[in-house]
Amino acid sequence: CKCNGHASECIQVSSNPQTPWETRLVCRCEHNTAGPDCEVCLPFYNDQPWGRATSTDVHECKACNCNGRSNTCYFDEELWLQTGHGGHCTDCRDNTDGANCERCKENFYLREDERCVPCNCDPVGSRSLQCNNRGQCQCKPGVDGLRCNKCASNFYDFSELGCRPCGCNVAGSIDNNPECDPITGVCRCKENVEGQRCDQCKPGYFDLQEVNEFGCLFCFCFGHSSVCRSAPGYSAFPIESTFIRDWEKWDSVDYHKRVVPFKYGQINQEIEVTANSREPVYFIAPARYLGDQRAAYNQFLTFTLRIGEEGPQATLEDIVLEGNGLSISLPIFGQGNPLPSTFNQEYKFRLHEHSAYGWNPRLTPRDFISILSNLTGLKIKAAYTPEGTGYLDNVRLDSAQRSPLGKEATWIEMCTCPEGYVGQFCESCAPGYRHDPANGGKFARCVPCNCHGHAEFCDPETGRCICQHHTAGDNCEHCAAGFYGNALTGTAGDCQPCPCPGNGACVILPDEEVACLECPEGYAGHRCDLCIDGYYAESSDPYGRPLCRKCECNENVDPNAIGNCDRNTGHCLKCVYKTGGRYCESCLPGFYGNALALPKGDCKACNCYPVGTEKRDPESDVLVCNYATGQCPCQPNVEGKHCDTCAEGYWNLMSGEGCEPCRCDPVGSLDRTCDITTGQCQCRPGVMGQKCDQCIPLHYGFSPEGCKHCECDQIGSSSLQCDPYGQCPCRPNVEGRRCDRCKENTHNKAAGCVDCPPCYDLVQDAANIHRSKLAELQELLKALKENPQLLNDEEFVLKLKQVQDKVDKLLEDAMSATDLDGKLGSKLKDLYKRLEDVRKTAGVIAGKIDDARGIGQLGERNITIAEDIIKRALDALHGARKFLETEGISALEKAIERSEKFGQQSEKMSEIAREARHLADEHEKEAKEIEDLALDARKIAQEAYEKARHALETPGETADNINRLERKLLDVDYMLEEVKKLAASAKDEANKTYEAALDLFTKANSINLPDVDVELMKKTAADIIEEVYAIFM
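All the letters of the sequence shown, read from the start, carry residue numbers 1 to 1033 under the UniProt record's numbering.
Listed below in structure tokens is the structure:
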């Protein structure tokens, strides 16, 4: 047998079991070979190629390395060439594969327990069916999972192409984790987010943000719109209280809203409050936290709180928000916050209606935001134990404000308003719309204006239409006053003008005739074409209708009477209360008063005295008086309200032509009055005559003191009647004023004053010397009188003293030379006495002359000023009269025109008339004052005259001065008469002014006049009075 070196013997074996007797010789193979000739290796020994055994190399067949996972293999020449081992295992067990069963077969992987398990890669989602050593299949794009049998997160649509990305928005996805349905691709959105990719807010929401647990915010828009977006131009703005300086207007109240005192801690910069009882105490936020706080929706309220005691007890009303009639609350531990303790803790509350935030009661988003839209109270509970203390600090309410600076606030809404609404928040009604209900505020809905086609706009709050087409009413539902028709038809011509005066209201009668409803006062008839009683037809309008005017009778008619005025002219026919005139505007002739005054009946009888009253109307026997004062028009020099007495200084009233002047002598009469019947003046003592202008017999010295008795000596006088200076007519050799002593060097008056013996000639010579000295003294006194300013008082006194010394010396000499009977001494004493009288009288005369001169000058100056004032008063009166003749007439014409136009009584005209009447009274009063002042001037002049007349008792050198004063007094009397005439003229002008003003008032009653400068006239009169007072006060 041929065994190729792999057997040492051969054996007989049957090759066919059917013929066991047939055998052949085969080798007993070694070296892991087989075959009849050992020409092949055993089935599992194929790691090396078969070869014949040699002496140097047996070429033993080696077993295949199948790692115990296979019992069969074959020789793989290519493998042998590559690795030096040609055994290629077959039929590997345990899902292995490879030449040595060293790896898992395809689509299997080696598990941690060293077992190959199938990959089970999804053929749709895997790039291949083979996975990695962790069993992870190679997935297609968007596919995920160990077997690549599903779409990855945020991918969907599992297919041969892999999965498509979902594109979920992070901010809109639940928990900000993008994830969608792997089949439909619909993302899992937050509560207020929608869309395939969770990239848009649900209808009625806006502002998609990651930080928002619910994705979007509710569109408030006052409930009028569900479409809104983030408004531009807003930035975050927190409202804070850090209590650095003070309590920042926070307050504290108890449960019943009673104020509880609190403290401000300057050291810790916080506020604190202590409860007074078991009732809770709250910190109350100031005004800046209240009001419209919609910007705080979904934001945080934060604060720092601590309490003073352990064992806090929370309630459901620890944090309270109030507004718009609603209230929500929350316990202090809500939203994951801790219970208060004795150390500071920060609390944070989100202002959102979701049940997760625990606000009680639970509200809809609209109701929750409505509270914030008008927040009226924000309360934080302070004490959590009975009579406990709470400390608050670092309060902050997140909000926003309109500002481009700072962090943008996207949570402020900008609403897209439906038709009929305008405003950022749809808070207002658009033009043509109104709130329903009226005045319902921002929450009320807007409905179209119901104006029946007669207005484009209406008031957005009340709904009242701005009507056109002559319609009226809140909804233009009826015609405006002065128009008629059916306004509900809805056309521009629904309402037609009423054919009524003044466009008055009218109505259509059943017979389709138009009847006026609001005839003007005084009109009647369907077309207001008749005048009622008490009115008259002044004229007609272009349509032939009468223009009715009310009969203006100033309420001086019986209102119950009929026919009080003429229906054609308007003339009042039945005046009562003693009134008369076209309008019963004045008292009847013979009566006076204010016919317009209230109560009525002010007209009273004049009762003028016929003899003393001037008859104004020759054709009438009625004596009229001043309409205002009742003053009768008196005859010249007659006075009294009824003209029943003569003026002072006048008489003969019964003459019927006025009173005559008494013409009493101002010197001889006691005053200027006289008997009104006889004209006899009241004379001074010793004065006689009707005018008291002469002394009675045996009297002299006609002066303001009367006349003095002559007292002429019956022996020494040739007549008992003395001359005007009191000098009696003396017999020969008799002298003295009374003729009661003999002349010098004569004696024995009874014997006719015979000559003295010649021895008295020396005395005569001495007396002559004294006379010459007296003459010098008289010259000196004359010079003093005429030129007082040129004399020196000391020099004058010195000279008088020298004269007195000389007289005294002469007196002593004369006394020493007198005879025993003393006649010469007596005469010298008499002479000395007369000289002494002369000396005293000289001083008195000088003083009185100066006084008289000063008084005379003052009187002249006062009279001059009085004349000037009277002239100015006349000018003012002339000006007033001119004004009445020009401006007054013009104003009257305008007044008449306006009267015809309006026919209404004017309170302003009445006031002007009363002012004019008042001014007239003032002018009359001023004239009277001027007359009184003139009389005062005359009295002053009379005093000057009396002082001058008093000097008559002095020696004869003052006679000239007295005469001059008398002449000046006459001038003063003349000027006084002129003043009185001017005053009387001024009075007459005042009366005329008053009558003109009254006439103007009568004609223009009830009419508006242009402005008259009454104040200027009053000021002018006041200035004149002040100047007069300045002169005489």
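Yeah, the Cβ is synthetic: ideal placement off N, Cα and C, and Gly gets one too.
On a predicted model such as this, the values are computed, not experimentally measured, just so you know.
Check, Outcome
"Could you tell me which of A53, V58, G51 and H88 sits nearest to R69, measuring between CA atoms?", "H88"
"Determine the DSSP secondary structure at C201, reduced to helix, strand or coil.", "strand"
"Are C572 and Y592 touching if we call contact CB-CB under 8 Å?", "no"
"State yes or no: is the C-beta of A171 within less than 8 Å of the C-beta of Q209?", "yes"
"So, is R111 buried or exposed, given that buried needs 16 or more other C-beta atoms within 10 angstroms?", "exposed"
"Do the CB positions of R396 and P238 come within less than 8 Å of each other?", "yes"
"I'd like to check one pair, C131 with Y109: are the Cβ atoms closer than 8 Å?", "yes"
"By the three-class DSSP mapping on this structure, what secondary structure does K773 have?", "helix"
"To the nearest angstrom, how far is it from the Cα of N554 to the Cα of C495?", "41 Å"
"If you drop the 5 nearest sequence neighbours on each side, which residues of the same chain put their C-beta closer than 6 Å to that of R197?", "G167, C168, N169 and C187"
"In the DSSP assignment, find the unbroken beta strand (DSSP E) run with I696 in it and report its ends.", "Element bounds for I696: n/a, residue is neither H nor E."
"DSSP state of C759, grouped into three classes?", "helix"
"When the Cα atoms are used, what is the spatial distance from R28 to C66?", "27 Å"
"Check whether the Cβ atoms of C189 and E413 sit closer than 8 Å, and answer yes or no.", "no"
"Beta strand (DSSP E) containing L25: first to last residue?", "T23 to C29"
"Does the separation of the CB atoms of P418 and R434 fall below 8 Å?", "no"
"Tell me whether the beta-carbon of I328 lies closer than 8 Å to the beta-carbon of L363.", "yes"
"Can you grab the Cα-Cα spacing for the pair A383 / K257, in whole Å?", "15 Å"
"How many Å lie between residue 1041 and G463 at the Cα?", "Outside the modelled stretch of the chain, which goes from 1 to 1033, sits residue 1041, for which no answer is possible."
"Going by other Cβ atoms of all chains shown within 10 Å of its Cβ, with 16 needed for buried, is residue 1064 buried or exposed?", "What is shown of the chain runs 1 to 1033, which leaves residue 1064 out entirely."
"Does the distance from the CB of N394 to the CB of T304 come in under 8 Å?", "yes"
"Tell me which residues share the same chain as G5 and place their Cβ nearer than 6 Å to its Cβ, disregarding the 5 neighbours each side in the sequence.", "R52 and A53"
"Any idea what DSSP makes of G7, helix, strand or coil?", "For the record, residue 7 in the displayed sequence is Ala; it is not Gly. Looking at A7 - three-state DSSP - the assignment turns out to be strand."
"Would you say the segment 211-226 touches the segment 243-257, given that touching needs at least three Cβ pairs under 8 Å?", "no"
"Under 8 Å by Cβ, that's how I've got C664 and R672 pegged, so tell me the actual separation to the nearest angstrom.", "5 Å"
"In whole angstroms, what separates the C-alpha of E30 from that of D37?", "11 Å"
"Suppose the cutoff is 6 Å on Cβ atoms and the five residues either side in sequence are ignored; what does the same chain contact list for G822 look like?", "Residue confidence is low: G822 scores 42 on pLDDT, short of 50, so the model does not pin down where it sits. Its coordinate-derived value is still stated next. Cβ neighbours of G822 beyond the five flanking positions: none."
"Taking a contact to mean a Cβ-Cβ separation below 8 Å, would you say A597 touches S586 in this structure?", "no"
"Rounded to whole angstroms, how far is the Cβ of V557 from the Cβ of N564, which I believe are closer than 8 Å?", "4 Å"
"Quick check on the DSSP output: the beta strand (DSSP E) that includes F368 runs from which residue to which?", "Run containing F368: none in the beta strand (DSSP E); it sits in the alpha helix (DSSP H), P365 to S373."
"Measure from the alpha carbon of Y535 to the alpha carbon of each residue in Y523, P685, C528 and D541, then state which is nearest.", "Y523"
"Report the rounded CA-to-CA distance for D47 versus D97, giving the unit in angstroms.", "16 Å"
"Using CA atoms only, rank isn't needed, just tell me which of E346, S230 and W50 is closest to Y391.", "E346"
"For G540, which residues from the same chain have a beta carbon less than 7 Å from its beta carbon, with the 5 sequence-adjacent residues on both sides left out?", "Rather than Gly, the amino acid found at residue 540 in this sequence is Ser. The residues are P546 and L547."
"So Y297 packs on I369, CB below 8 Å; how close in whole Å?", "5 Å"
"Express the C-alpha separation of D740 and A766 in angstroms, rounding to a whole number.", "23 Å"
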